[in-house]
Amino acid sequence: METDLSKINGLKGLYYDSCIAIDKNMTQSEKGCVLAEEIGHHLTSIGDILDQKIQDNQKQEYRARKVAYDIKIGLVGIINAFEAGCKDVYQIAEFLDVTKDFFEDALSCYKSKYGIYTKLDNYIIYFYPTLNVGKIF
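So the sequence shown is numbered by full-length UniProt numbering: it starts at 1 and just counts up by one.
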């Protein structure tokens, strides 16, 4: 459901008891990113994790974000953007219908997970020093 969450500590989304609320004052791309994260909370979080000063809550938040990155982007999404001719983070974010910040955070997460590069099917995806995708023949 869409509602005005801005008065609740600036929340953009909230998952509670199998219901997701999304702040109506965002772009469609922002709403999609927030929705994916709230789905991540549905799949991975337990209890009230609003207090992000608590380390366990921070871990649950990060787990939910990792799920969101895979829902909205994933390695296949990066490859699809490459195949569509996207050349920079702005074009890729637009192609994937995510915000630039969400995409850059996802890349940071993938770099932590995979290291400098990873292979998928006939592709190699470099995360360092910059994002680069190559086709392996």
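The beta carbon of each residue, even a glycine, is placed where N, CA and C say it ideally should be. From a predicted model like this one, the values you see are computed outputs, not experimental measurements.
Would residue 18 pass as a contact of residue 97 if the rule is Cβ separation under 7 Å? Against a cut-off of 7 Å, the Cβ pair of residue 97 and residue 18 comes out as no contact.
Taking 8 Å as the threshold, find out whether the region 112-120 comes into contact with the region 43-62 through three or more Cβ pairs. Put simply, the region 112-120 does not touch the region 43-62. Fewer than three CB pairs are less than 8 Å apart.
Candidates 16, 135, 99, 134: which alpha carbon is nearest residue 46's? The residue with the shortest Cα to Cα distance from residue 46 is 16.
Just list the beta strand (DSSP E) runs in the UniProt domain "IrrE N-terminal-like" (12-107), keeping only unbroken ones of 3 residues or longer that don't cross its boundaries, in chain order. DSSP runs (the beta strand (DSSP E)) wholly in the UniProt domain "IrrE N-terminal-like" (12-107): 13-16, 19-23.
Within 10 Å of its beta-carbon, does residue 8 have 16 or more other beta-carbons around it, so buried, or fewer, so exposed? Exposed, since its Cβ has fewer than 16 Cβ neighbours within 10 Å.
Per DSSP, cross-strand counterpart(s) of residue 116: In the DSSP output, where bridge partners are listed per residue, residue 116 has none listed.
Alpha carbon of residue 135 to alpha carbon of residue 59, nearest angstrom: Per the coordinates, the alpha-carbon of residue 135 lies some 35 Å from the alpha-carbon of residue 59.
Taking 7 Å as the CB-CB limit, is residue 79 close to chain C? In the structure shown, chain C does not exist; there is a single protein chain.
For residue 110, which three-state DSSP category applies? If DSSP states are grouped into helix, strand and coil, residue 110 belongs with the helices.
Helix, strand or coil for residue 130? Go by DSSP, reduced to three states. The DSSP-derived three-state label of residue 130 is coil.
Quickly, what does DSSP pair residue 125 with across the bridge? List them, please. 118, 133.
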